[in-house]
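Asker:
Protein chains: 2
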Amino acid sequence: MENQQQLYNQYQKIKRFVSVDCVIFGYEQDQLKLLLFKRIIPPAQGEWSLIGGWLQEDESAETAAMRVLQYITGLTDIYLEQVHVFSKPDRDPGGSVLTVVFNALIRVEKHSNQLIEKFGAKWFAIDEVPPLIFDHDEMFKIAFDKLRLKGTYNLIGRQLLPEKFTITQLRNLYNAIFQKQFDPGNFRKKVLSLKMLEQLEEKDMSESKKGAFYFRFKDIEDSNLYEPIFRNAIKL
Amino acid sequence: MENQQQLYNQYQKIKRFVSVDCVIFGYEQDQLKLLLFKRIIPPAQGEWSLIGGWLQEDESAETAAMRVLQYITGLTDIYLEQVHVFSKPDRDPGGSVLTVVFNALIRVEKHSNQLIEKFGAKWFAIDEVPPLIFDHDEMFKIAFDKLRLKGTYNLIGRQLLPEKFTITQLRNLYNAIFQKQFDPGNFRKKVLSLKMLEQLEEKDMSESKKGAFYFRFKDIEDSNLYEPIFRNAIKL
DNA sequence: ACAAAAGTGTTAGCCGTACACCCATGT
DNA sequence: ACATGGGTGTACGGCTAACACTTTTGT
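Those protein sequence lines, which keep their order, are chains Y and X.
FYI, the UniProt record's numbering numbers position 191 of the first sequence as 191, with every residue one higher than the one before it.
FYI, the UniProt record's numbering numbers position 161 of the second sequence as 161, with every residue one higher than the one before it.
Written as C-alpha cells, this is what we have:
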C-alpha cells in the first residue's frame, strides 16, 4: 500500500500550458473544405495553420474551442468532437504545450465571410490543403481519418449541410469525404432505409428540370451509433 | 488581421495541472477484466478508482501513462491508446485538473500479482465493476465503448491474449467484449479469412480431448485498419 | 461407446453492387 | 424531341447466420 502512496508523492503536480486547435470542416459547392489561417505572429509567420487558443482558468477544452470558434465565425452551437491530444514536450517551439485537437463541423452558408476575412482565413478544398505549421499536418490527418471513420457508422451531414438538402447533396458530401463516387440509386436507398431523414414538400429546382425533393434530418439524436452504414467506404 | 492578433493577446497563456488515468483491461479465465485501485488518500479514500499520475515537465501524456503502468505492473511495452480528455474545471475536487484517459491492454498472465497486491489493486470482471470515484465511471464507460468500437473493425487480442492462443480463446475474448455468444464455426472462418493469424504446430490439450491448434498474430502491424470485421457485433 | 470440444460443410436469406430503366420538365 | 438529373427496379454475387455434421481422443 505504501507504494501507491509513493506513486502519488514521488512525482509532483506540475502545471503545463494547455491550448486547443480546431480542424474546421465545411461543405460548399460539392466540396469538403478546411478552414485555415495565415499565422500573423512569429514563429512561422505567414504560413498556414489551424486556429487555436489558450485554455483559460475556468474553461474546459470544449468551452475554449467553442469560444475560439464563436469569435471567428460568429456562430453559436457549433458541433465539436475531440480528436486527439498532442503533448510531446518538444512539439511546440514556444515551450511545453499540451494541445487538444477538435473537429468542428460548420455550415459554410451560415456564417459571414467578412468575419473570416478579417482573420486572414481561407477555405481550402480537402484535397488541396497546403503544408501546415508545426505538427498541424498530422493533426489534420488524424482529424480527417476520424471524420471518415465516423462516416462509416454514422450518417454525417446534420452539421455540415443546410437545414434542408437533397439526397444528391448528401451524396456529394459523401463523395467528397471518401473521395469516391457513390452510386446514386444505391446511395439513396441505403440512406433512406436508415429512417433518419424526413422528406419535405418542397423541391429544389436549381439542379435539374424535374426537381429533387428536399430532406432534413429528423430531430432525434444520431441514435444507432454503432451500426455500420457504408461498410466498404474506406478501402484497404 | 488585427483581430487574429487580438485572439492571441486577449487571452493569456495559463498553466493547468495535467494528469493521466489508465483504464487497464486484461483477459483471464474467459473473462474481460478491469484493474482497479483502492484509493489510499483523501478525498474518497477507500473507494475504487482508475490508476493515474501527474504529467511531469519532460513528459508526453503517453510517456506519463506508460511510466505509471510500468511502475504498477513491472511491464514494459504496454499497448496504449488515447480515449478522451476530461477538462471541466470543476471535475476534480482538488482543483482544476485536465486528465487524459488511456486504454491500456495487458496480458494478465505476464505480470506479477504481487506487484499489483502491493498497490491495493484488484481485477474486476467487466460486468461487475463497482462504482468509481469522481468521473471515473464515465471514463470507464467511454473507454469500454471505444474498445468495442475498435473490435468491430480491428482484430483485438494481440495485446490481451498470450503469445500463443487457440481460436476458442480468441472467441471467448470477443464473447466477453461484446457480451454475446459468437458462433464457433462462423467465428473461426471469419477470423482465419483475415489472414492475420498463423497456425502453430503445437496443440493446446487442456481444453479438449482432441486438442486445439495454437495460433499467434502475424508480425505485421494491424493493417486493414478500417475494414469492418464483426459488422453487427454491437446491436442498437 | 460416449462425451465434449475442434473443426468442416451446407443452406437460406440478406445485402451491396452494377446497371437498366422510367419519370418529369425546361429548352 | 431530347437532354438531364431524379428516382425505381432487377439480377447477380458475396457474405452472414444458423445449424448439421465429422473428427479426435480421454475416460
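All C-beta atoms, glycine included, are put in the ideal place defined by N, C-alpha and C.
Predicted model only: the values in this text are computed from it and were never measured.
1. For X:D135 and chain Y, any beta-carbon pair shorter than 8 Å?
2. How should X:N186 be labelled, buried or exposed, when 16 other C-beta atoms within 10 angstroms of its C-beta is the threshold for buried?
3. What residues match up with X:L105 in a beta bridge as DSSP calls it?
4. Residues of chain Y with CB closer than 7 Å to the CB of X:K180, please, in chain order.
5. Report all residues from its chain with a CB closer than 6 Å to the CB of X:M205; omit the five preceding and five following residues, and keep chain order.
6. In angstroms with no decimal places, state the Cα-to-Cα distance between Y:F213 and Y:P184.
7. Tell me whether Y:Q31 sits in a helix, a strand or coil according to DSSP, three-state version.
8. Could you give the residue range of the beta strand (DSSP E) that holds Y:L200?
9. Compare the Cα-Cα distances from Y:S208 to each of Y:K146, Y:I167 and Y:A143 and report the closest residue.
10. Quick one: which chain Y residues come within Cβ less than 8 Å of X:L55?
11. What does the alpha-carbon distance come out to for the pair X:Q82 and X:I106?
12. Please confirm whether X:A61 has its beta-carbon closer than 8 Å to some beta-carbon of chain Y.
13. In chain X, what lies closer than 8 Å to Y:Q31 by C-beta?
14. Report the residues of the segment 191–206 of chain X with a CB closer than 7 Å to any CB of chain Y, ordered along the chain.
15. Using a Cβ-Cβ cut-off of 8 Å, state whether X:D58 counts as contacting chain Y.
16. Is the shortest distance between the beta-carbon of residue 249 of chain X and the beta-carbons of chain Y less than 8 Å?
17. Would Y:Y79 count as contacting chain X if we go by Cβ distances under 8 Å?
18. Which of helix, strand or coil does DSSP assign to Y:G211?
19. Can you give, in chain order, each stretch of the alpha helix (DSSP H) that sits fully within the segment 124–181 of chain Y and has at least 4 residues?
20. Can you find a C-beta in chain Y that's less than 8 Å from the C-beta of X:Y11?
21. Which residues in the same chain as Y:T99 place their Cβ atom closer than 6 Å to its Cβ, once the five residues preceding and following it in sequence are excluded?
22. Could you compute how far the alpha carbon of Y:E47 sits from the alpha carbon of X:K38?
23. Roughly how many angstroms separate the alpha carbons of X:K218 and X:D77, rounded to a whole number?
24. What did DSSP end up calling X:A44 once you bin it into helix, strand or coil?
Answerer: According to the structure shown:
1. no
2. Result: exposed.
3. X:F25 and X:Y79
4. Correct list: empty, because the minimum Cβ distance to chain Y is about 13 Å.
5. Here the set comprises G211.
6. 15 Å
7. strand
8. L197 to D204
9. Y:I167
10. I14, R16, S87 and L98
11. 15 Å
12. yes
13. Residues of chain X passing the Cβ test: none, with the nearest at roughly 22 Å.
14. none
15. yes
16. With chain X covering only 1 through 236, there is no way to say anything about residue 249 of chain X.
17. no
18. Assignment of Y:G211 by DSSP, reduced to helix, strand and coil, places it in the coil class.
19. 136–153 and 167–178
20. yes
21. S19, D21 and F86
22. 50 Å
23. If I take the Cα positions, the gap works out to 18 Å.
24. coil
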